[in-house]
Amino acid sequence: MKKRTTLLYTLFATITLIALFTNQYVAPDNGYTGAPGEGTCADCHSPANANFTGQVQITGIPDQLFAGQEYKLNIEVHKFRGNPAYAGFQMVVLDQNNQDIGTLNQPTGVSGIITDRNLLRTYFKNVIHPTDFGPDSVVTWSVTWVAPEDKTNATINFYATAILANGDSTALGDLAVKTQLSRILTEGGPLSVEIANVTNVQCGGDSTGAISLLVQGGTAPLAYQWSNGASTPDIQSLPAGSYTVTVTDSDTSQVIKSVTITEPAVLTPQVISTTGVACNGQDNGTAILGASGGTPPYQFLWPDADTSRVRTNLAAGDYIVLVVDQAGCAGTIALNIEANVFIQTNAGSVAESTPGAQDGIAYVAPSGGTPPYLIVWNTGANTDTIRQLAPGTYTVVIGDLSGCLVQDSVVVGSGTCPLEGNTNADQPDCASGNAGSITVSFPNPTGQVSILWSTGDTTPTIQDLAPGAYFIFAEDEATCTFRDTVVIQSTGMISLDSVRLNHPQCDGTNDGSITFTINGGVPPYRLDWTPDLPSSTPDSLAAGTYILTIFDSNNCTSKDTFELLGDDNTLPFILSPSIEAYLNDDGQARVSYDQLTQSVVDNCGMDTITLSRNAFTCADLGSLQVALTAKDLAGNTLNDSVTIIILDTLNPVIEPFDTLFANRCTGLNYPQILTRDNCGVDTVFLLQGTGPDGSFAVGMNFDIYQAIDFSGNPSLGILPVYIQRPAVYTNLTLPSCSGRSDGQIVIDFPDANTPISTIWGNGQTGDTLRNIPGGSYIAFSADTTGCFFRDTVLLGSSSFQVLLDSIVSESPGGGYLEVHLEGGTEPYEFQWFREDNALADTTLALDSLEAGRYHMKAQDDTGCKITSDDYLISGTTARQNWLTQNIVVYPNPTNGKLWIRNDPHIMIQEISLTNLLGQRIKQWSHPILPIDFSGISGSYLLKINTDQGTVIKHILLLKP
């Protein structure tokens, strides 16, 4: 049999998030490299940690430096003793006159190049945050230094200082170290090129390789031409392969070098097999995972943190599993655990018509699952609707033909009726504190009325009440009810709380105020002021005496007197000697008047504050003194100066990218990286990812770029790159018989843009896998652009099969079973069996069957032999119906103990418990009731053998 199937794929992408903890880290100032005129990290980080030892080194600088040459130098911070958490550094390159010399570019890691306009020096330093040691004992940053062409015989001094920090976010308990190197710059000698360092690809299929050159001599400028098109001395983000570089100087001297970058096999996670859950809500799905390639052994991480390769306790749903090899390479794989269709109870109820009528209704209308359904109420009823119910909760369990169960509950409500009642409250007067009372009456009750107040009283009237809310519940003899809440207002004793007098700050000003809150009395209140004031809590008051009389709604009164005082003769004074001004998007900055009023204050208010200069640009970055004049409202004038600090805190902007979609893994139409900044961008580099010249993986990729402006402000830009793979189709030819190797799989990629090459897991190549038995087969495919993808194809074990057409498990005339044979080569031979006993029937349909397990063995003309599944028949007779009606098991469902009620003429001889496949679980001879099923739960068959015959009951055992 041939079937054409489409394999569906779920694309999965993981994004590595970079945690930039800038809120916990303040970058140190420049000027701490240990160079002449500068300090070191020890100036701030003291006292030193006596438990730490370590050093900082500058490597990559040869003994002889040639004019115009590029050198890749490294800053290495080593820890020898103790456990410092992270490291940071600064480096500067100066000549014999302590001036900048040469050019720094291409920093790596979390580092940058900063030009300090005040110190007139350029620094290579860590930016954004220091770097963790992690499990390593060394942290390394790299930068390229280009020697000048016109300063032969100059002395080149490299100064660096570093900090080994304990990670407690303070400057205490750290270790500061420093170093210095000096070299003489000479004219270029013969051109010499060596491979300085090769970094192989750690994870197969990645582009993490790197090559760096050590170039000496030659006549500047030098030209670099790599086989991949790069033109720099060092190249990164490389896939595995061979690379050749040609270095040419201006005198046409030429050196050619070749190097190979290696990689391990690509890590490929695999789903070996899965099985779905038997019933919804169960956790018995299974999955077996594996992996190939990479560096064994492999680790597996499930969403619930389980690390097993084989799972047997899975719920239905989708899972994504992370697979990591010993080298730290990772891959993911998605799988699905299937579930049956849920059984829906669709339960409901109808309340009783009146209290005590006990005519409520509960019902279910099951759907889903595998009909027919078995319905069991906690009343013992087995119908979809139960009637004549008292108020309460009723539980129902529904089982389907697959043995799946669902439980639900419905509430039958009670009848209700209202009781008419009236309440009347007498509020207290001004002079009393707890004199309130409430009376309730009922015009038409049925019999006597029972009353309960929230105070505990049971009389119609309650007295001497304090202010507050009081609740009443009443019920007459017909159980009709009355509820109400009555509020006793506050007493008439008026008082003021939270009184606050804000005196006028200066003589003659109206900035005083009086605030308070009123307690007691009965709102609303009326306030009379002497002299007359417009509001209840007046402001804008001058010095003086104010009298307040308060009247509540009961005309109770309270009187209070307030005295406001007020004067001025003080110069303005500078509260903050420095003001920060921040450059805007246009590179302009001004000090706002609000900033001035926060820096210069006066006891009675300012009139004017002016600066001699208030317009600044990027050229003013740093601090400068500016004259200030401040005059208060009394004419007192202050002439002084403040420090204006011009800052650029705006991050540069990497223009946002649209997702780059492609159906190839190399040679993409890569966009240009565009940036902008108010004061200019210093450097832009690929922080993480593949880059325009690399090879991308199928699925979602992320290239992360970092831009740093001249003030050291960083920003990140993320370019999503999505590589689409072609859909795969398979044509399957099943083996003619289980165990034979004459099956075939044909794999096809009809919408691929380039030719596809395929290698199968058993080593065969090409799109067709021939002469194979049934099983699971893996195809690894690649196109000509470097895209790789993996597919798993399942091939059935045999085309010759016994297929079930119809089955009736039980009926008055016995069971019925019908099958047909498919596939194979006719003519067929077959034999029916009941249990292990051969039957005489020679047809494909069996009728009037007794209870038992039936199966068929068949053989085709080629000798292929197969055995069908077992078919369970529980055929019944009229006598059986009498037995079934006169033997009752209860309660069913049960959570442990089961009773059996039977006709006195029936003698129970033996009882056995089996699962739904007829497999025996437990057996009792001449059982003693009740039967104890402790420790067993689920859906089972109870086989009861009597002197009148056998009865089988379907029971449900619940967990205690």
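Per the numbering used here: the sequence shown = residues 236 to 1195. Don't be surprised by glycine CBs; every beta carbon is placed ideally from N, CA and C.
Check, Outcome
"T454 (DSSP reduced to helix, strand or coil)", "coil"
"Where A277 sits in the DSSP three-state scheme", "helix"
"Nearest neighbour of G627, chosen from D1002, G595, G634, P601 [CA to CA]", "G595"
"L1004 - containing beta strand (DSSP E), residue span", "1003 to 1007"
"For S834, three-class secondary structure by DSSP", "helix"
"Inter-stretch contact (C-beta, 8 Å, three-pair minimum) for the region 498 to 506 and the region 517 to 532", "yes"
"Min CB distance T614 to chain D below 8 Å", "The structure shown contains no chain D; it holds only a single protein chain."
"Cα-Cα separation, Q451 to N309", "17 Å"
"Sufficient close CB pairs (3 or more, under 8 Å) joining the region 1091 to 1100 to the region 1120 to 1140", "no"
"Classification of S644 by the beta-carbon crowding that lies within 10 angstroms, buried from 16 upward", "exposed"
"Counterpart residues of L1038 in DSSP-defined beta bridges", "H1055"
"Which of helix, strand or coil DSSP assigns to T1119", "helix"
"Nearest-angstrom beta carbon gap, T509 and T1282 [assumed within contact, 8 Å]", "The question about residue 1282 has no answer here: the residues shown for the chain are numbered 236 through 1195."
"Residue interval of the beta strand (DSSP E) (run including G347)", "346 to 351"
"Beta strand (DSSP E) segments (min. 3 residues) lying fully within the region 576 to 654", "583 to 585, 595 to 598, 609 to 612, 620 to 624, 627 to 634, 640 to 647"
"Residue burial classification, A869 (beta-carbon count within 10 angstroms, cutoff 16)", "buried"
"For D855, three-class secondary structure by DSSP", "helix"
"Inter-stretch contact at 8 Å, needing at least 3 Cβ pairs: the region 767 to 781 / the region 836 to 844", "no"
"Outcome for S377 when other beta-carbon atoms lying within 10 angstroms are tallied against a minimum of 16", "buried"
"Cβ pair S976, F1035 closer than 8 Å", "no"
"Length at least 3, wholly inside the region 430 to 503: the beta strand (DSSP E) runs in chain order", "444 to 451, 458 to 461, 470 to 473, 476 to 483, 489 to 496"
"Three CB pairs or more closer than 8 Å across the region 1015 to 1026 and the region 896 to 911", "yes"
"Beta-carbon spacing of L1084, I1108 below 8 Å", "yes"
"Proximity of D1138 and N1121 at Cβ, strictly below 8 Å", "yes"
"Closest Cα partner of W612 within the set N966, L473, Y629", "Y629"
"Beta-carbon contacts of S637 that lie in its chain and below 8 Å, excluding the five residues immediately before and after", "A513, C514, N575, G604, T605"
"Candidates P653, C839, P990, P297, of which the one nearest T872 by Cα", "C839"
"Three-state secondary structure (DSSP) of Q259", "Its pLDDT being 39, under 50, Q259 is placed unreliably in this model, and the coordinates cannot settle the point."
"Given V412 as reference, the closest of W1067, E311, L731, A582 once Cα atoms are compared", "E311"
"Proximity winner among D821, F851, T864, C853, relative to L831 (alpha-carbon distances)", "T864"
"Cα-Cα separation, D330 to K307", "18 Å"
"Proximity to D403 [Cα-Cα], best of V381, S811, P365", "P365"
"The region 913 to 923 in contact with the region 936 to 945 per 3-pair CB rule at 8 Å", "yes"
"Assigned secondary structure, D711 (DSSP; H/G/I helix, E/B strand, else coil)", "strand"
"Rounded C-alpha distance that separates N790 from D763", "13 Å"
"Exposure of R960, with buried meaning 16 or more beta-carbon neighbours within 10 Å", "buried"
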